[in-house]
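A.B. asks: Here it is, the structure, as structure tokens.
Written out as structure tokens, the structure reads:
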């Protein structure tokens, strides 16, 4: 695969702008010829409109609850990788990728939780089983996760009844697809698998996620109702 | 609606064909009057094209993404998922320090603090953890597969045995200060680096107050105490004795202080007794 620079990929300057936004102009300029891949930030600082009526349909709520669980999975994955020190050991361009995706996924969690309000589910307790502590395992997992998220959103977005939510879901979908392409390129895989992306049904997504056992983990029991036997 | 759908592509094709035919003719004929009239006619046809719909406004737009602040105050803990041997080095044949169980003596999940990680020559990932042991070394290496998911805290509790004060820090800032009762000289509270393992509630024992925290610290004197002689942090029915050296090694707090601490301090918080 030929090396692409950020400058070549980012024709409209959106990615450079997004990196400058997150890291500052100086660093963005330094990365201009080094970073490979592309993503744009979602439009910033817009507050969600009143969505009670938009979300009134149970179908749409269920879809966004499912999407929220997926965003939890991704946000937790990138966050834990940073906390484990794995990102700090990466070369600069890759570290920017990992940090940027983490920031995006946390922003996705925040907005979907906000939109769902009381209907938002809590984050599961994840166990990434060492995939956040090894750069190569992290990269492979990130590729799979971003590809799967893209396939999931491609499948569920047309089922949303509210046109406003369809538009919002498409905005998430295109960003996740760019994440996937960026991850694939850094992993040395062709960024775009083919001329047409196939969706995956939720049942298949469920099966794939279950096979990782990331979310089917031991939830620790931290409290007990019993008299202490400490030394006193 | 249906007819518009059919008309639009037809118009577009006609405009495209018209432009394709007209433009070369303009160029070829050097801009003759006929050719200009023809081009103007095509421009008129293009301007008559029905407009496409405006983009649908998204129902929500995420806010500005922010980079993670990896706090120096952050500490990770992990639950022990499978019984394992903690070793002095990240190697399968390194000397053993202790056996890690999945449960504490109180029946809660056994957790350890996560300090570092390393991959051995065989490609196996090892995690250096703080252990709930009596003797040094108080840290050891366990295979990653013995541990479950990670939790993170940004709190730290420091108990000063000289000033008889406990201070809880959150994100590096003091969030609570309280007088404490600690072990008498004959049953000293151990000094060192430990962590909070669990929280016990719902019992009826005025001696321990309303809430008790289990720690990884153990008495070096009361080694035959039931349930392995662990040091707790708990309330008391004798607040008049605080601050003071009054206990068998446990850290006592006034009941209102231990209740405040219970609201502020998550399990997994590192504990320094100095």
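Residue numbers (the numbering used here), protein chains in the order written: chain A, 73 to 304; chain B, 401 to 674.
Where a beta carbon is used, it is the ideal one built from N, C-alpha and C, also for glycine.
Does the beta-carbon of residue 486 of chain B have 16 or more other beta-carbons within 10 angstroms, so that it is buried, or is it exposed?
C.D. replies: Per the 10 Å Cβ criterion, buried.
A.B. asks: Between residue 584 of chain B and chain A, is the shortest Cβ-Cβ distance under 8 angstroms, so that the two count as touching?
C.D. replies: Not one chain A Cβ lies under 8 angstroms of residue 584 of chain B.
A.B. asks: Could you list the residues in the region 594–610 of chain B with a C-beta less than 8 angstroms from some C-beta on chain A, going in chain order?
C.D. replies: For the region 594–610 of chain B, which is checked against every Cβ of chain A, the residues closer than 8 angstroms are 598, 599, 600, 601, 602, 603, 604, 605, 607 and 608.
A.B. asks: Tell me whether residue 268 of chain A is buried or exposed, calling it buried when 16 or more other Cβ atoms sit within 10 Å of its Cβ.
C.D. replies: Flag for residue 268 of chain A reads exposed.
A.B. asks: Report all residues from its chain with a CB closer than 6 angstroms to the CB of residue 574 of chain B; omit the five preceding and five following residues, and keep chain order.
C.D. replies: The residues are 567.
A.B. asks: Pick helix, strand or coil for residue 671 of chain B, following the three-state DSSP scheme.
C.D. replies: It is a strand residue.
A.B. asks: Check each candidate in A/261, A/295, A/302 and A/204 and name the one with the smallest Cα separation from residue 286 of chain A.
C.D. replies: Closest option to residue 286 of chain A, Cα to Cα, is A/204.
A.B. asks: Three-state secondary structure (DSSP) at residue 538 of chain B?
C.D. replies: It is coil, neither helix nor strand.
A.B. asks: Please return the same chain residues whose Cβ sits closer than 6 angstroms to the Cβ of residue 115 of chain A, not counting the five positions on each side in sequence.
C.D. replies: A caution first: residue 115 of chain A carries a pLDDT of 31, below 50, which makes its placement in the model unreliable, though a value can still be read off. Counting only Cβ-Cβ distances below 6 angstroms, and skipping sequence neighbours, we find nothing.
A.B. asks: Less than 7 angstroms between the CB of residue 187 of chain A and some heavy atom of the ligand MG, yes or no?
C.D. replies: No copy of the ligand MG appears in this structure; indeed no ligand is present at all.
A.B. asks: So if DSSP puts residue 632 of chain B in a beta bridge, which residue, or which two residues, is it bridged to?
C.D. replies: Looking at the DSSP assignment, residue 632 of chain B forms a beta bridge with B/614.
A.B. asks: Pull up the DSSP beta-bridge partners for residue 577 of chain B, would you.
C.D. replies: Residue 577 of chain B is bridged to B/567.
A.B. asks: Report the residues of the region 500–513 of chain B with a CB closer than 8 angstroms to any CB of chain A, ordered along the chain.
C.D. replies: Answer set for the region 500–513 of chain B: 505, 506, 507, 508, 509 and 511.
A.B. asks: Which word fits residue 302 of chain A, buried or exposed, when buried means at least 16 other C-beta atoms lie within 10 angstroms of its C-beta?
C.D. replies: Result: buried.
A.B. asks: Can you pull the chain A residues whose beta carbon is under 7 angstroms from the beta carbon of residue 552 of chain B, in chain order?
C.D. replies: Result: 155.
A.B. asks: Touch check for the region 515–535 of chain B and the region 632–642 of chain B: three-plus C-beta pairs under 8 angstroms?
C.D. replies: No: the two stretches stay apart, fewer than three of their Cβ pairs being nearer than 8 angstroms.
A.B. asks: For the region 494–512 of chain B against the region 591–601 of chain B, do three or more pairs of beta-carbon atoms, one drawn from each stretch, fall closer than 8 angstroms, so that the two count as touching?
C.D. replies: Counting Cβ pairs under 8 angstroms, three or more are found: they touch.
A.B. asks: By how many angstroms is the C-alpha of residue 452 of chain B removed from the C-alpha of residue 676 of chain B?
C.D. replies: Here chain B covers residues 401 to 674 and nothing more, so residue 676 of chain B does not appear.
A.B. asks: List the DSSP bridge partners of residue 295 of chain A.
C.D. replies: Per DSSP, B/599.
A.B. asks: Determine, using beta-carbon pairs with one atom in the region 224–242 of chain A and one in the region 153–167 of chain A, whether at least three such pairs fall under 8 angstroms.
C.D. replies: Segments in contact, no.
A.B. asks: Ignore the nearest five residues each way along the sequence and tell me which others in residue 241 of chain A's own chain have a CB closer than 7 angstroms to its CB.
C.D. replies: Same-chain partners within the cutoff: 225, 229 and 232.
A.B. asks: In the region 290–301 of chain A, which residues sit with their C-beta less than 9 angstroms from some C-beta in chain B, listed in chain order?
C.D. replies: From the region 290–301 of chain A, only 290, 291, 292, 293, 294, 295, 296, 297, 298, 299, 300 and 301 have a Cβ closer than 9 angstroms to chain B.
A.B. asks: For the putative contact between residue 570 of chain B and residue 552 of chain B, defined by C-beta atoms under 8 angstroms, what is the C-beta separation to the nearest angstrom?
C.D. replies: Contact doesn't hold; Cβ gap of about 13 angstroms is too wide.
A.B. asks: From the DSSP output, which residues share a beta bridge with residue 517 of chain B?
C.D. replies: Its beta-bridge partners are B/527.
A.B. asks: DSSP beta-bridge partners for residue 287 of chain A?
C.D. replies: DSSP output for residue 287 of chain A lists no bridge partner at all.
A.B. asks: Listing by chain order, which chain A residues have their CB less than 7 angstroms from the CB of residue 676 of chain B?
C.D. replies: Because residue 676 of chain B is not part of the residues shown, which for chain B are 401 to 674, the question remains open.
A.B. asks: Beta carbons nearer than 7 angstroms to chain B: which residues of the region 220–236 of chain A have them?
C.D. replies: Answer in chain order: 234, 235 and 236.
A.B. asks: Taking Cβ to Cβ, would you say residue 227 of chain A is nearer than 8 angstroms to residue 272 of chain A?
C.D. replies: Yes, the pair counts as a contact, with Cβ atoms nearer than the cut-off.
A.B. asks: Here's the rule: buried if 16 or more other CB atoms are within 10 angstroms of the residue's CB, otherwise exposed. What is residue 250 of chain A?
C.D. replies: Counting Cβ neighbours within 10 Å, residue 250 of chain A comes out buried, since at least 16 surround it.
A.B. asks: Kindly indicate which three-state DSSP category residue 594 of chain B falls into: helix, strand or coil?
C.D. replies: Strand at residue 594 of chain B.
A.B. asks: Specify the secondary structure class of residue 652 of chain B as computed by DSSP and reduced to three states.
C.D. replies: Three-state DSSP puts residue 652 of chain B in a strand.
A.B. asks: In the structure shown, what three-state DSSP assignment does residue 276 of chain A receive?
C.D. replies: Looking at residue 276 of chain A - three-state DSSP - the assignment turns out to be helix.
A.B. asks: What would DSSP say about residue 414 of chain B, mapped onto helix, strand or coil?
C.D. replies: Residue confidence is low: residue 414 of chain B scores 43 on pLDDT, short of 50, so the model does not pin down where it sits. No coordinate-derived value is stated.
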